[in-house]
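Residue 10 is where the sequence shown starts when you use the working numbering, and the numbers rise one by one after that.
Accompanying notes for the structure given below.
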Amino acid sequence: MRIVSLVPSGTEIVGQLGLCGSLVGRSHACDHPPGVLTVPTLTGQPIGVDTGFCETDEQVGGFVARPAGLYTLDTQQLVDLKPDVVLLPGAGGDVALEAQSVQAALEALGSRAAVVRLGPRSIEDMLDDVLRVGAACGRETAAGAVVARLRGRLFEAMDRVTAFDPYRPVVGFLGWTDPLCVAGDWNVQLIERAGGRHPLNETVRREADGAASGPQQAQRLAGPAVMVSPEVFAAVGPEFVVVSPCGYGLERAAEATRALWRQEWFRNLPAARNGRVAAVDGSAMFSRPGPRVVDALEFLVGWLQGRAEVVPAGFPWRVVEG
């Protein structure tokens, strides 16, 4: 089995399936689990260009200008690797990975490679992706076990949220800071399942589910990330603020948070006045709709509910004060 993954979340799924030894090619942003760092990279960024890596353009609402074909792809290397399985961004995926280059390489591979396109918009989509990758790689049983384990952790974390407490703190989540871009898709689900509210882009019941679907979280979806003004962001009175710019590691996220602190409107937020402003490694956690979104949920439950023991050991975050 020879696998090429050009999607960081897909690479993490490969790791969960115990197939890192079968990974023969990856994108430059595929850096987890650490064992994949010795695998050849097939993509890159032009010298002097650094915008971070977002798996879906919707994560920053399409508001961050990026040149077409920003991420280069070595199509000849992809063909030479002779992969059996290729994991690619799906619909709504990374538009900066030139579609024509990818298509040319796939045509050269012919029918030899199974292509799996990953474009999850929800937590449940991510779990389905684990099963799809497992099926393509002939690891259906292992994939089922991974999904069962991840679901177990999701439910265990959600059990720490007091179901009968009507208080749900307002969370302001920034996936980008200039301009401000608030959470969308699975990140809103994470906030709500951790007991918070994200009023700037709340989940709604899926269309065509019918009245009988009720309030089950699995039936609720949020739209893509949304750009807002500082005035709109401040108006909802966020009691907690998470700054996790798409594609940024913890240090860059903290730097972006300090830049926000220099603005008066931000210093006046309830979250700022009460020391509830956190920078989180967006590249590792919230930007990637892969298995580690469960870690992100556990972090949110621990922080919002005051249950520090729920936060995973080594979770990449810190409180940033002005």
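Here a beta-carbon is modelled for each residue, glycine too, at the ideal position from N, C-alpha and C.
- Residues of the same chain with a CB within less than 8 Å of the CB of Leu163, apart from the 5 flanking positions on each side, are Ile132, Arg202, Val303, Leu306 in chain order.
- Judged by pairs of C-beta atoms under 8 Å, the segment 134 to 142 touches the segment 22 to 33, as three or more such pairs exist.
- When the alpha-carbon of Gly19 is set against those of Leu127, Ala172, Thr47, Ser296, the nearest one is in Leu127.
- Contact check for Glu21 and Pro300: beta-carbon distance about 5 Å, within the 8 Å limit, so the pair qualifies.
- Looking at Leu118, Trp185, Phe295, Ala123, the one whose alpha-carbon comes closest to that of Val197 is Phe295.
- Nearest to Ala322 by alpha-carbon distance, out of Gly315, Gly311, Val329, Pro98, is Gly311.
- Residue state for Val95 is assigned as strand, using DSSP reduced to three classes.
- By the neighbour-count criterion, in which 16 or more other beta carbons inside 10 Å mark a residue as buried, Arg148 falls on the buried side.
- Cβ contact annotation for Glu165 (same chain, cutoff 7 Å, sequence separation greater than five): none.
- The C-alpha of Pro254 is placed about 23 Å away from the C-alpha of Val319.
- Relative to the Cα of Ala263, the nearest Cα in the group Phe275, Phe173, Asp290 belongs to Asp290.
- The C-alpha of Val329 lies about 44 Å from the C-alpha of Gln112.
- A straight line joining the alpha-carbon of Leu46 with that of Ile12 spans about 15 Å.
- DSSP places Ser292 outside any beta strand (DSSP E), giving it a letter other than H or E.
- Here Leu90 carries a coil assignment [DSSP, helix/strand/coil].
- Assignment of beta strand (DSSP E) within the segment 225 to 275, counting only whole runs of 3 or more residues, yields 249 to 252 in chain order.
- If you check the CB distance, Ala280 and Glu248 come in under 8 Å.
- Its Cα nearest to that of Val245, the residue Trp274 stands out among Pro188, Gly232, Trp274.
- Looking at the backbone, the Cα of Asp168 and that of Gly153 are separated by about 22 Å.
- With fewer than 16 other Cβ atoms inside 10 Å of its own Cβ, Arg282 counts as exposed.
- Inclusion of Gly193 and Val124 in the CB contact set at 8 Å is not warranted, their separation being larger than that value.
- The Cβ atoms of Val251 and Ala293 do not sit closer than 8 Å to each other.
- In the DSSP assignment, Gly184 falls within the unbroken beta strand (DSSP E) covering 180 to 186.
- Beta-bridge partners assigned by DSSP to Thr52: Leu82.
- Between the alpha carbons of His207 and Pro178 lies a gap of roughly 9 Å.
- Measuring C-alpha to C-alpha distances from Leu51 to each of Arg158, Ser14, Pro43 identifies Ser14 as the nearest.
- Taking 8 Å as the cut-off, the beta carbon of Leu230 is found no closer than this to the beta carbon of Arg297.
- Separation of the CB atoms of Leu159 and Leu309 is rounded to 16 Å, and the pair is thereby denied contact status at 8 Å.
- By the 16-neighbour rule on beta-carbons within 10 angstroms, Ala144 is exposed.
- Leaving aside the five residues that flank Gly99 on each side, the residues in its chain whose CB is nearer than 7 Å to its CB run, in chain order, Arg126, Leu127, Gly128.
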